[in-house]
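Colleague: After the structure tokens below, expect a handful of questions from me.
There are 4 protein chains.
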Amino acid sequence: MPDSSSSPGPQFSPWREKSWRVIFLSDTPAGRAFDVVLLVLISASVLVVMMESVEPLRLEHAQAFQISEWIFTLLFTIEYIVRVLVVRQKRRYVLSFFGIVDLLSLLPTYLSLFLVGSHYLMIIRVLRLLRMFRVLKMARHFGQANVLLNALRASSPKIAVFLFAILTLVSIEGTVMYLIEGAHNPGFSSIPQSIYWGIVTITTVGYGDVAPLTVIGKILASFIMLTGFSIIAVPTGIVSAELGKELSQVRMDRRRCGECGWTGHDPAAKFCKHCGHQLGD
Amino acid sequence: MPDSSSSPGPQFSPWREKSWRVIFLSDTPAGRAFDVVLLVLISASVLVVMMESVEPLRLEHAQAFQISEWIFTLLFTIEYIVRVLVVRQKRRYVLSFFGIVDLLSLLPTYLSLFLVGSHYLMIIRVLRLLRMFRVLKMARHFGQANVLLNALRASSPKIAVFLFAILTLVSIEGTVMYLIEGAHNPGFSSIPQSIYWGIVTITTVGYGDVAPLTVIGKILASFIMLTGFSIIAVPTGIVSAELGKELSQVRMDRRRCGECGWTGHDPAAKFCKHCGHQLGD
Amino acid sequence: MPDSSSSPGPQFSPWREKSWRVIFLSDTPAGRAFDVVLLVLISASVLVVMMESVEPLRLEHAQAFQISEWIFTLLFTIEYIVRVLVVRQKRRYVLSFFGIVDLLSLLPTYLSLFLVGSHYLMIIRVLRLLRMFRVLKMARHFGQANVLLNALRASSPKIAVFLFAILTLVSIEGTVMYLIEGAHNPGFSSIPQSIYWGIVTITTVGYGDVAPLTVIGKILASFIMLTGFSIIAVPTGIVSAELGKELSQVRMDRRRCGECGWTGHDPAAKFCKHCGHQLGD
Amino acid sequence: MPDSSSSPGPQFSPWREKSWRVIFLSDTPAGRAFDVVLLVLISASVLVVMMESVEPLRLEHAQAFQISEWIFTLLFTIEYIVRVLVVRQKRRYVLSFFGIVDLLSLLPTYLSLFLVGSHYLMIIRVLRLLRMFRVLKMARHFGQANVLLNALRASSPKIAVFLFAILTLVSIEGTVMYLIEGAHNPGFSSIPQSIYWGIVTITTVGYGDVAPLTVIGKILASFIMLTGFSIIAVPTGIVSAELGKELSQVRMDRRRCGECGWTGHDPAAKFCKHCGHQLGD
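Residue numbers (numbering that gives the first Met the number 0), protein chains in the order written: chain A, 0 to 280; chain B, 0 to 280; chain C, 0 to 280; chain D, 0 to 280.
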């Protein structure tokens, strides 16, 4: 997803034009090299945050983590400043999804300076973990993700209705299971707990931390599982149909009417369906 | 799903006509506001029932729960009375799915008055939980749910046959597993118990509360899992095919060219793609 | 699946003809009543076998189980004898799938007579459980099962290849997991045990009786799960495509060529694709 | 997948030509017999490696395992030598996928000779387990596997993007769960551990070795499960669409009518369905 709309425009210096091309596009060797270096940096940075969360590693290599953290932050800061300098529509970039992600990937480290020695331990933990959102910087480099997101967005209203239906179903199933199992089974001690079990079951995750114990509970659970088994088919069907539709549109005829410019004709069509003009090959 | 069939008709007073429009449709600002208020009320009411089932919360805030319960019940009672007054075909509404749901969402609270101090604890519990069915009142506001239900209804005869086949398969698999594991494993102590395991396994829920212990049992279980893996594809295939069929029917145009009789035109087409003749409506 | 091929033929007595119609078809009120009675009998009989396997019930109601067992067996025996008498191609029926199932549903009870007091406890258990196969008698009454079986049969060569691929994959994954986890984790103590874990994981059943403990094991397990996640799509895709193909064939044009009788024409076709003769409506 | 490209050519002796046909193809009775013998040998050999990994069996039948291992190795060595002798493009075969698999299936046993009594226990274990790769020799005999691989390869770029999206999602979900559950639950003691839980959950495997304990953790987990439930549809949709596309291409006829240029004829059609003109090849 190159931010093509934020082109620096013709009145900029050639140096700025070139930097913009390197940083925002990947159609030159320098641009591709920049992308690779950035991807390596992001991966390494995310890996460091992950490893720092492992307690034995954190205690042993505390200083190494701090140093590498500052190196990553400085590099991402330089990247952010250069992006802002080079881009024409600065405000638009800063407020864009990737602008916010870029800022979020360096802010926590600076903010932690003001909180050293303070008692706000939870805030420090949250700040430290906000750095994990750097992983979203990667999304810039995966063009095809766009296609998948489109397919998901197209089918999202139907999936939302479906999720609502699931929640209604699970609420009622959970209530009935609470009535049946509640007295004998600590895993069904309240309705929310039973609904949690219902979701774990109907999505076929099945941790097993909560499972029915009574005979009636097991019969009802079997029924719920077999129901869920059929329901799992619904979102699959929706997305399959949506993807199939999109793919078939891609394969559609590429002919353009010579008279009115209309496209999207049937491969068998001889005349433009918009203006009736004869179609060429 | 607006109950459009229960229109009050022209001979009603304008006030009644307007109330009906606000309550049953959502094509006016007042109608939409009414819908939003109702959705918030239902959600809050269901949340209260859920929270009341959590024992520490119930003991601590007993009075607050009771008061809010009566507020919700009174509001739903007013809603029910107004609906009955405003609707033309009163009998039809009262006996409709949503009429019964509306009644069920207020009846339990009133009935509990007559049972205070009684020994029928189970009945009180059931009554209290019947209030969870208020969640079904929400279904009125999700139009697209209809489409999904149609797709499910269209494929339900095939899915019923499929579920019957699954039950037959699981009965026989459970019996064989009972024969193999029964003597060594308390989880397979009877055929119904083994069938329960079979359903948990074939739907890929896999709680793990029952799992094979013997070598032959594990081999057979592996076979059953791989079988289930292929079988999971069947309902998906049925619903996918059904949804694809429905979507393709929606996109199909039923217009026929007056000149050459060609059909299957694009809904946006103005001219026949076969002979170039103008298309009518 | 009516055994229509075993029609009694014209030279039989009218009584026999009528009995055959009642027993093998369900196009008369008597035939439908016979079907319902038989379905109830089979269900009750299977339920009794299931309940008998529950030890407390077996000990308490031993005599009741024995009596009902003999009643069911006698009724099924009468059914089997009448079927043999009434059918024309006796040999064909006896050796057919349903003929064997019918025989199997009564044989075990008689055989148990000769084994009373014997030491062959395992044989008695197997005989007792063979009665569960009575559930297969039901399959006769589900016509649509045929359609599903056809779809499964059409896609079975591809699914067999797919299952073989899964087994190969799981063998290698299990071996690697055995190498990594074997020394630390009793659940991976041998290659077959690791393969069992692999099947439980890749089919997303996930009992949790065996789970990786080491860091490398968990990383590899994550990779295997994400792989399985993509692989689960393959049989679904195969069966979906197969079902879609079958459904689209059903929707195909019903026109028959007046000249050569060829069917299966494209709805847009004007001429028979077999002989070139013009097609009517 | 017969290595048809490595045909011995006309200038070879008839004996060599015949051996090549027997070993590389299966279009003669001898060729088919060779295939069956080889499949039995591979299966037996893999079974022996698997059984040897079971400790009680290994200790009891150590000698039997060693003898059978040498027999298998010698037979596979003969097979490999004959393949190399008979094939024309020796280098190409040796460096091909199956050439390497054939070599790998015999090398470990010979290498173990040089390591007897050594301290490199890990290397010996790895060598012993490399023999499990013999299972890949089987892939030669499953022609249809090719079709499935093609479908998977065609959809692999989209599935790779999808897997990257999943990993990003799971990283962020795991971080949030670590923040919520980390202090109370040893299963969420670090971000990598939480990501492991996220993968186990989103793939619906759900071992249950790690499960949320706090209320907020359970609510978030429910949300993650319902999300995963919708996401599971994406790869299915991709592969279904790809398989459907491939199947429809196979069924499409590429013939064009010489009279009117109409395409899309049924493969069995002899005449153009548009103008009735005879179709060529």
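Beta carbons are placed, not taken as given, at the ideal position from N, Cα and C, and that holds for glycine.
Should residue 224(A) be labelled buried (16 or more other beta-carbon atoms within 10 Å of its own) or exposed?
Modeller: Residue 224(A) is buried by the Cβ-count criterion.
Colleague: Determine whether the beta carbon atoms of residue 170(D) and residue 201(D) lie at a separation below 8 Å.
Modeller: No. Outside cutoff.
Colleague: How would you list, in chain order, the residues of chain C whose beta-carbon sits under 8 Å from the beta-carbon of residue 203(A)?
Modeller: 203, listed in chain order.
Colleague: Quick check on residue 207(A) - is its C-beta less than 8 Å from some C-beta in chain C?
Modeller: So yes, residue 207(A) belongs to the interface.
Colleague: Quick one: is residue 163(A) near chain D, going by C-beta distance under 8 Å?
Modeller: Output row for residue 163(A): interface = no.
Colleague: Three-state secondary structure (DSSP) at residue 207(D)?
Modeller: The answer is coil: DSSP assigns residue 207(D) none of H, G, I, E or B.
Colleague: Among the candidates 137(B), 73(B), 12(B), whose CA atom is the shortest distance from the CA of residue 163(A)?
Modeller: Out of 137(B), 73(B), 12(B), 137(B) has the C-alpha closest to the C-alpha of residue 163(A).
Colleague: Taking just the CA atoms, how far does residue 129(D) sit from residue 61(D)?
Modeller: Distance between the alpha carbons of residue 61(D) and residue 129(D): 19 Å.
Colleague: Using a Cβ cut-off of 9 Å, pull out every chain D residue sitting near residue 138(A), in sequence order please.
Modeller: Chain D residues near residue 138(A): 163, 164, 167.
Colleague: For residue 177(C), return the contacting residues in chain D, with the cut-off set at a CB-CB distance below 8 Å.
Modeller: Result: 52, 128.
Colleague: Could you give the DSSP three-state label for residue 24(D): helix, strand or coil?
Modeller: In this structure, residue 24(D) counts as coil in the three-state DSSP scheme.
Colleague: Is the Cβ of residue 213(C) closer than 8 Å to any Cβ of chain B?
Modeller: Output row for residue 213(C): interface = no.
Colleague: Report buried or exposed for residue 28(A), applying the criterion of at least 16 other Cβ atoms within 10 angstroms of its Cβ.
Modeller: So residue 28(A) ends up on the exposed side.
Colleague: Looking at chain A, is there any beta carbon in it that lies within less than 8 Å of the beta carbon of residue 234(B)?
Modeller: Yes - at least one Cβ of chain A is within 8 Å of the one on residue 234(B).
Colleague: In angstroms with no decimal places, state the Cα-to-Cα distance between residue 68(D) and residue 216(B).
Modeller: Roughly 28 Å separates the two Cα atoms.
Colleague: So for residue 140(A), helix, strand or coil by DSSP?
Modeller: Three-state DSSP puts residue 140(A) in a helix.
Colleague: So with CB distances below 7 Å, who are the chain D contacts of residue 210(C)?
Modeller: Here the neighbours are 206, 208.
Colleague: Tell me whether residue 19(C) sits in a helix, a strand or coil according to DSSP, three-state version.
Modeller: Residue state, collapsed to three classes: helix.
Colleague: Exposed or buried, what is residue 13(A) when buried is set at 16 or more other beta-carbons lying within 10 Å of its beta-carbon?
Modeller: Exposed, because fewer than 16 other Cβ atoms sit within 10 Å of the Cβ of residue 13(A).
Colleague: Determine the DSSP secondary structure at residue 125(A), reduced to helix, strand or coil.
Modeller: Helix.
Colleague: At the level of alpha carbons, what is the spacing between residue 214(A) and residue 187(B)?
Modeller: So the alpha carbons of these two residues sit roughly 14 Å apart.
Colleague: Are the beta-carbon atoms belonging to residue 196(A) and residue 227(A) less than 8 Å from one another?
Modeller: Result no, Cβ atoms of residue 196(A) and residue 227(A) do not sit closer than 8 Å.
Colleague: Compute the distance between the beta-carbons of residue 236(D) and residue 235(A), then report whether it is under 8 Å.
Modeller: Contact: yes.
Colleague: If the criterion is Cβ atoms closer than 8 Å, does the pair residue 189(A) and residue 48(B) meet it?
Modeller: In this structure, residue 48(B) does not lie closer than 8 Å to residue 189(A) by Cβ.
Colleague: In whole angstroms, give me the CA-to-CA distance for residue 44(B) and residue 123(A).
Modeller: For residue 44(B) and residue 123(A), the distance between alpha carbons rounds to 38 Å.
Colleague: Considering residue 293(D), what are the terminal residues of the alpha helix (DSSP H) in which it resides?
Modeller: Given a span of 0 to 280 for chain D in the structure shown, any question on residue 293(D) remains unanswerable.
Colleague: Out of 277(B), 167(B), 86(B), which one is the CA nearest neighbour of residue 19(B)?
Modeller: The residue with the shortest Cα to Cα distance from residue 19(B) is 86(B).
Colleague: Check residue 112(A) in the structure and name its three-state DSSP category.
Modeller: Helix, per DSSP.
Colleague: Taking 8 Å as the cut-off, decide whether the C-beta atoms of residue 126(D) and residue 107(D) are in contact.
Modeller: Cβ distance < 8 Å, so residue 126(D) and residue 107(D) count as in contact.
Colleague: Let me confirm a value: residue 176(C) is counted as buried when at least 16 other C-beta atoms fall within 10 Å, else exposed. Which label applies?
Modeller: So residue 176(C) ends up on the buried side.
Colleague: Give the DSSP-derived three-state secondary structure of residue 95(C) in the structure shown.
Modeller: Coil, per DSSP.
Colleague: Around the C-beta of residue 220(C), are 16 or more other C-beta atoms found within 10 angstroms, so that it is buried, or is it exposed?
Modeller: Counting Cβ neighbours within 10 Å, residue 220(C) comes out buried, since at least 16 surround it.
Colleague: For the stretch 68-87 of chain D, which residues have a CB atom closer than 9 Å to at least one CB atom of chain C, in sequence order?
Modeller: Result list empty, no residue passes.
Colleague: If you drop the 5 nearest sequence neighbours on each side, which residues of the same chain put their C-beta closer than 7 Å to that of residue 89(B)?
Modeller: Cβ neighbours of residue 89(B) beyond the five flanking positions: 83.
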